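Novice: Quick note, the sequences are listed as chains A and G, same order. According to the numbering used here, the first sequence holds residues 1 to 276 in order. According to the numbering used here, the second sequence holds residues 277 to 672 in order. All C-beta atoms, glycine included, are put in the ideal place defined by N, C-alpha and C. The structure displayed is predicted, hence computed values, not measured ones.
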Amino acid sequence: MAHALVAEKHPLDDLIRRDRMPHIWCPGCGIGIVMRCYAQAILESGIPVERHVVVSGIGCTARVPGYMNLDSYHATHGRPIPFAIGLKLAKPELMVTVFSGDGDLAAIGGNHLIHAARRNVDIKVICINNFNYGMTGGQVGPTTPLGAKTTTTPYGNPEHPFNLPYLLAAAGAVFVSRWTTLHVRQIKQDILYSFRKPGFTFIEVLSPCPVGFGRPNDIEDGVEEMRIYRRRSQLVYRVPDEVPWEALEVDLREERPIYVGRFVDREREVFQPVRR
Amino acid sequence: MKGRGVLTGVHFMHGDHACAEGAIAAGCRFFAGYPITPSTEIAERLAQRLPEVGGVFIQMEDEIASIVAVIGASAAGARAMTATSGPGFSLMMESVGLAAMMEIPCVIVDVQRGSPSTGLPTLPGQADVMQARWGSHGDYEIAAYAPWSPQEMFDLTVLAFNVADRFRIPVMVMADEVVGHMVERVVIPPEDQIPRWERKRPRYPAGDGFKPFLVEDEDLVPPMVHAGEGYRVHFTGLTHDERGYPDMSAETHHRLVTRLVEKVRRNASQMIRYDTYALDDAKIVVISYGCTARSARRAVADARRMGIPAGLLRLISLWPFPADVVRELARQADAFIVAEMNLGQMICEVERYVSQPVKGVFHAGGAMIPPDPILQAIREVAFHGPRAGGGKASAG
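Written out as structure tokens, the structure is:
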């Protein structure tokens with residue numbers, strides 16, 4: 001008699017709040033992929049699970065902490081970074097990760113983002129960039145490319161987007177990388193690396209949002225966007241020697257490279273509260 | 277004083293510094309703030325003092341970050357505080373609601389200045405008192421205290437931490453520029469005489485089925501889990517159930533918000549503080565708070581010397597409002613007078629609980645209301661009846 005191959009337990013079960021499934025994300029969304037990478041990195045980190053804390057603001061990505069079986073804080077829109085700073089400074093043994101979206105971190109929370117990088121506070125930021133505000137139904141965001149269509153830019157976006165790695169490099173982050181949701185091993189590796197790297201680290205992950213960004217911009221679905229990532233992702237080792245910082249700007253609608261890789265990995269003094 | 281947590285002794289001390297020392301004495305070990313007149317001396321003092329006692333001082337990029345960092349630090353178990361004035365207080369409001377919803381204790385000191393907007397940065401006001409209560413969106417309750425002296429800047433800051441921790445709520449110290457910048461005698465008691473109310477802590481071990489927002493006590497306060505203790509709990513500003521999980525149902529929402537409000541109302545007697553002067557046989561009851569109460573006390577003393585049966589109820593807790601005390605006074609009083617440095621805020625609360633006419637002595641802020649206009653109002657009421665001179669007077 002043939003037996004179906006059924007795993008009783010997945011290695012990541014303990015890190016996911018299974019009683020909260022199903023999740024709220026749309027078909028084709030890439031957030032779950034990154035969440036899985038985060039869980040895998042925690043598993044491999046060797047840091048006891050109770051010391052990992054995850055913080056978010058508001059938005060689709062900000063729902064990740066609710067699904068992670070960790071101490072998790074789902075804070076005010078735009079404010080996960082100051083929340084994380086409070087946690088980390090009050091209890092330095094915590095490994096505090098901020099997991100949020102580009103709108104939460106770079107628009108409403110943009111001020112906190114650059115100042116935390118400037119201070120070099122020891123927190124780990126994973127920023128999922130899907131080029132729009134997904135949860136509210138596909139509005140223009142700080143990363144929406146010039147000319148792209150969203151529900152609040154029906155004639156095309158009249159504004160320039162942020163080039164997040166460039167911004168974070170300038171602001172002082174000690175580690176800055178970018179991948180797409182196609183690069184699951186690299187994402188996991190970099191999260192793991194960031195746990196071991198003291199200071200403010202920033203990982204940008206480009207992710208499909210087929211409902212919010214894909215549809216109005218003629219990207220058929222999540223798989224189609226993954227094909228774009230596969231076709232156009234180009235690894236860069238040294239910025240600005242190989243490509244200028246400006247080239248890191250992303251526009252999925254244009255046939256040009258999407259540069260991915262580790263752009264910054266440097267040492268700067270890590271913020272410590274003054275002791276007397 | 278290096279290394280000393282509690283500066284026991286008699287001091288001639290600045291009100292803002294007394295507030296900072298109250299925080300240190302209460303065990304505050306985290307301060308995040310942003311400079312703003314007239315509260316800046318609190319941050320300056322704590323920048324000097326917190327490193328001496330192993331605490332954390334951080335100046336944030338704005339007041340939004342300040343309050344949120346305070347909430348984060350408190351979530352990790354620290355007693356945490358911020359201090360600001362009107363414009364910063366406004367910026368903090370959204371996350372006051374977060375603290376109320378997550379039930380994370382925090383202390384916010386608002387050294388009030390002339391307002392609205394930039395107003396009078398260096399001069400006093402008392403016009404943030406309604407904002408203290410409901411400045412964030414939605415239904416919630418907090419506690420707020422109004423010190424009238426540097427001594428109370430110390431005492432009420434200690435109390436604020438205790439009330440915040442005991443009931444898991446945001447607590448405001450609603451100072452004003454006068455008491456913030458006043459230098460006066462401050463007595464700091466020995467460390468073992470500083471009152472300390474602790475946070476309730478979990479009674480069950482971490483594990484499946486642990487419910488971080490399960491309420492088992494009459495006081496409606498759930499024990500608090502801190503980050504890093506192995507409970508792996510979820511805190512969210514979304515409507516949530518006893519597990520802390522988001523639940524978008526009207527039923528859960530009603531149950532949660534009702535409990536958050538009822539938690540404060542049911543325990544109000546433990547939070548309410550007031551002071552009385554010459555009230556026993558008073559027929560004219562003056563109600564005031566903060567620096568304005570100093571003038572009100574003088575006016576009542578002068579009225580007594582003239583043979584007028586006036587008395588003073590000084591509100592120390594603005595919120596919860598001592599409604600029962602005011603109701604009780606309404607059984608003996610012919611009239612009420614409310615003196616406050618705004619154009620009529622706490623007076624509305626008094627009017628809710630009394631049927632007598634309530635006369636206001638108001639000023640928009642910028643200078644203390646002197647005793648004279650308050651005495652004038654007492655005399656008008658005494659000699660011409662409770663409705664003399666219309667309901668509202670201006671001290672300006």
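Along the chain, where does the beta strand (DSSP E) containing G/Leu605 start, and where does it finish?
Specialist: Residue mapping note: residue 605 of chain G aligns to position 329 of the second sequence, counting from 1. Not the beta strand (DSSP E): G/Leu605 falls in the alpha helix (DSSP H), residues Ala599 to Leu605.
Novice: Quick one, which of A/Asp190, A/Pro82, A/Cys127 and A/Asn157 has its alpha-carbon nearest A/Ala41's?
Specialist: As a first step, residue 41 of chain A must be located in the first sequence, where it is residue number 41. Considering only alpha carbons, the answer is A/Asp190.
Novice: How would you write the range of the alpha helix (DSSP H) that A/Met226 sits in, first residue to last?
Specialist: For the purposes of this step, residue 226 of chain A is taken as residue 226 along the first sequence, with counting starting at 1. Note, A/Met226: alpha helix (DSSP H), Gly222 to Arg232.
Novice: Would you call the CB atoms of G/Ala419 and G/Val447 closer than 8 Å?
Specialist: Counted from its first residue, the second sequence places residue 419 of chain G at position 143. Counted from its first residue, the second sequence places residue 447 of chain G at position 171. Against a cut-off of 8 Å, the Cβ pair of G/Val447 and G/Ala419 comes out as a contact.
Novice: According to DSSP, which residues form a beta bridge with G/Ala615?
Specialist: As a working mapping, residue 615 of chain G is identified with position 339 in the second sequence. Answer is G/Ser564 and G/Val637.
Novice: Going by the CB atoms, is the gap between G/Ala643 and G/Leu399 shorter than 8 Å?
Specialist: Translated into positions along the second sequence, residue 399 of chain G becomes position 123. Translated into positions along the second sequence, residue 643 of chain G becomes position 367. Yes, the pair counts as a contact, with Cβ atoms nearer than the cut-off.
Novice: When the Cα atoms are used, what is the spatial distance from G/Gly353 to G/Ala345?
Specialist: As a first step, residue 353 of chain G must be located in the second sequence, where it is residue number 77. As a first step, residue 345 of chain G must be located in the second sequence, where it is residue number 69. Near 13 Å, if we compare the C-alpha coordinates of G/Ala345 and G/Gly353.
Novice: Give the DSSP-derived three-state secondary structure of G/Val276 in the structure shown.
Specialist: Given that chain G is displayed from residue 277 to residue 672, the structure contains no residue 276 of chain G and the question cannot be resolved.
Novice: Would you verify that the beta carbon of G/Val344 is, or is not, closer than 8 Å to some beta carbon of chain A?
Specialist: Within the second sequence, the letter at position 68 stands for residue 344 of chain G. Interface flag for G/Val344 against chain A is set, since a Cβ pair is found closer than 8 Å.
Novice: Identify every run of the alpha helix (DSSP H) within the region 335-371 of chain G, keeping only runs that are complete inside it and at least 4 residues long; order them along the chain.
Specialist: Within the region 335-371 of chain G, complete alpha helix (DSSP H) segments of at least 4 residues are found at 339-351, given in chain order.
Novice: Sorted by chain position, which residues of the same chain lie with C-beta nearer than 6 Å to G/Met357's C-beta, five sequence neighbours on each side aside?
Specialist: Reading the second sequence from its first residue, position 81 is the one you call residue 357 of chain G. Sequence-distant partners of G/Met357 (beyond 5 residues in either direction) whose C-beta falls short of 6 Å from its own C-beta, in its chain, are Ala299, Cys304, Phe307 and Val383.
Novice: Between the Cα of G/Ser393 and those of G/Phe365, G/Ser593 and G/Pro481, spot the shortest distance and give me the residue it belongs to.
Specialist: Counting from one through the second sequence, the residue named residue 393 of chain G turns up at place 117. Out of G/Phe365, G/Ser593 and G/Pro481, G/Phe365 has the C-alpha closest to the C-alpha of G/Ser393.
Novice: Per DSSP, which one or two residues make a beta bridge with G/His510?
Specialist: Taking the first residue of the second sequence as position 1, residue 510 of chain G is located at position 234. In DSSP, G/His510 forms a bridge with A/Ser72.
Novice: Counting pairs of beta carbons, one from the region 487-503 of chain G and one from the region 457-470 of chain G, are three or more of them closer than 8 Å?
Specialist: With the cut-off at 8 Å, the region 487-503 of chain G and the region 457-470 of chain G do not touch.
Novice: Please report whether the beta-carbon of A/Ile47 lies at a distance below 8 Å from any beta-carbon of chain G.
Specialist: As a working mapping, residue 47 of chain A is identified with position 47 in the first sequence. No - not a single Cβ of chain G is within 8 Å of the one on A/Ile47.
Novice: What is the C-beta distance between G/Gly673 and A/Asp71, in whole angstroms, given that I count them as a contact (C-beta under 8 Å)?
Specialist: Only positions 277 to 672 of chain G appear in this structure, which leaves residue 673 of chain G out of reach.
Novice: What distance in whole Å lies between the Cβ atoms of G/Tyr629 and G/Ala599, which are believed to be in contact at a cut-off of 8 Å?
Specialist: Position 323 of the second sequence, counted from the start, is the residue given in the question as residue 599 of chain G. Position 353 of the second sequence, counted from the start, is the residue given in the question as residue 629 of chain G. With 8 Å as the limit, G/Ala599 and G/Tyr629 qualify as a contact, their Cβ atoms being about 5 Å apart.
Novice: Using Cβ-Cβ distances below 7 Å, what residues of the region 66-89 of chain A are close to chain G?
Specialist: Listed by position along the chain: Gly66, Asn69, Leu70, Asp71, Ser72, Tyr73, His74, Ala75, Thr76, Arg79, Pro82, Phe83, Ala84, Ile85, Gly86, Leu87 and Leu89.
Novice: Can you round the beta-carbon distance between A/Ile128 and A/Val205 to whole angstroms, since I take them to be within the 8 Å contact cut?
Specialist: Within the first sequence, residue 128 of chain A is the residue found at index 128, counting from 1. Within the first sequence, residue 205 of chain A is the residue found at index 205, counting from 1. At roughly 5 Å, the Cβ-Cβ gap stays under 8 Å, so A/Ile128 and A/Val205 are in contact.
Novice: Hey, out of G/Ala611, G/Arg479 and G/Gly641, whose CA is closest to G/Pro633's CA?
Specialist: The residue you call residue 633 of chain G lines up with position 357 of the second sequence. With distances taken between Cα atoms, G/Pro633 lies closest to G/Ala611.
Novice: Under 8 Å, with one C-beta from each stretch per pair, do the region 147-160 of chain A and the region 175-188 of chain A reach the 3-pair mark?
Specialist: Verdict: no, contact absent.
Novice: Quick one: which residues of the region 371-400 of chain G get their C-beta closer than 7 Å to a C-beta of chain A? List them in chain order.
Specialist: Ser371 and Leu374
Novice: Among G/Ala301, G/Asp648 and G/Pro381, which residue has its Cα nearest to the Cα of G/Pro466?
Specialist: In the second sequence, the residue the question calls residue 466 of chain G occupies position 190. Closest by alpha carbon: G/Ala301.
Novice: Would you tell me roughly how many angstroms separate the C-alpha atoms of G/Ala579 and G/Tyr310, rounded to the nearest one?
Specialist: Numbered from 1 along the second sequence, position 303 holds the residue referred to as residue 579 of chain G. Numbered from 1 along the second sequence, position 34 holds the residue referred to as residue 310 of chain G. Going by the C-alpha atoms only, they are around 43 Å apart.
Novice: Against chain G, which members of the region 105-137 of chain A pass a CB distance test of less than 8 Å?
Specialist: Asn111, His112 and His115
Novice: Using C-beta distances below 6 Å, list every residue in its chain close to G/Val533, excluding the 5 sequence neighbours before and after it, in chain order.
Specialist: Taking the first residue of the second sequence as 1, we reach residue 533 of chain G at position 257. If we look at G/Val533 and ignore the five residues flanking it on each side, its Cβ neighbours are Asp415.
Novice: Does any residue of chain G have a CB that is nearer than 8 Å to the CB of A/Val274?
Specialist: In the first sequence, residue 274 of chain A corresponds to position 274, counting from 1. Chain G contact via Cβ: present.
Novice: If you check the beta carbons only, do G/Ala586 and G/Val576 fall under 8 Å apart?
Specialist: Locating residue 586 of chain G in the second sequence gives position 310, where the first residue counts as 1. Locating residue 576 of chain G in the second sequence gives position 300, where the first residue counts as 1. Yes, Cβ-Cβ distance for G/Ala586 and G/Val576 is below 8 Å.
Novice: Are any of the Cβ atoms in chain G nearer than 8 Å to that of A/Lys197?
Specialist: Mapped onto the first sequence, residue 197 of chain A falls at position 197. No, because no Cβ of chain G sits closer than 8 Å to the Cβ of A/Lys197.
Novice: Quick one: Cα of G/Lys278 to Cα of A/Pro273, how far?
Specialist: Mapped onto the second sequence, residue 278 of chain G falls at position 2. Mapped onto the first sequence, residue 273 of chain A falls at position 273. Unreliable positioning characterises G/Lys278 in this predicted model, as indicated by a pLDDT of 47, which lies under 50. A coordinate reading is not provided.
Novice: Measure the C-alpha to C-alpha separation of G/Met377 and G/Met547 and round it to an integer number of angstroms.
Specialist: In the second sequence, residue 377 of chain G corresponds to position 101, counting from 1. In the second sequence, residue 547 of chain G corresponds to position 271, counting from 1. If I take the Cα positions, the gap works out to 19 Å.
Novice: Using the beta-carbon of each residue, which ones in chain G are nearer than 9 Å to A/Glu93?
Specialist: Within the first sequence, residue 93 of chain A is the residue found at index 93, counting from 1. Within 9 Å of the CB of A/Glu93, the CB atoms of chain G belong to Gly504, in sequence order along the chain.
Novice: Let's see if you can read the secondary structure: which residues bound the alpha helix (DSSP H) around G/Val405?
Specialist: Here residue 405 of chain G is taken as the residue at index 129 of the second sequence, counted from 1. Unbroken alpha helix (DSSP H) run through G/Val405: Val405 to Trp410.
Novice: Using beta-carbon positions only, say whether A/Asn163 and G/Glu337 come within less than 8 Å of one another.
Specialist: As a working mapping, residue 163 of chain A is identified with position 163 in the first sequence. As a working mapping, residue 337 of chain G is identified with position 61 in the second sequence. Contact: no.
Novice: Can you grab the Cα-Cα spacing for the pair G/Ile592 / G/Arg355, in whole Å?
Specialist: Here residue 592 of chain G refers to the residue found at position 316 when the second sequence is read from its first residue. Here residue 355 of chain G refers to the residue found at position 79 when the second sequence is read from its first residue. If I take the Cα positions, the gap works out to 22 Å.
Novice: Provide the residue span of the alpha helix (DSSP H) that contains G/Ala451, from first to last.
Specialist: Mapped onto the second sequence, residue 451 of chain G falls at position 175. Note, G/Ala451: premise wrong, no alpha helix (DSSP H); beta strand (DSSP E) at Pro446 to Asp452.
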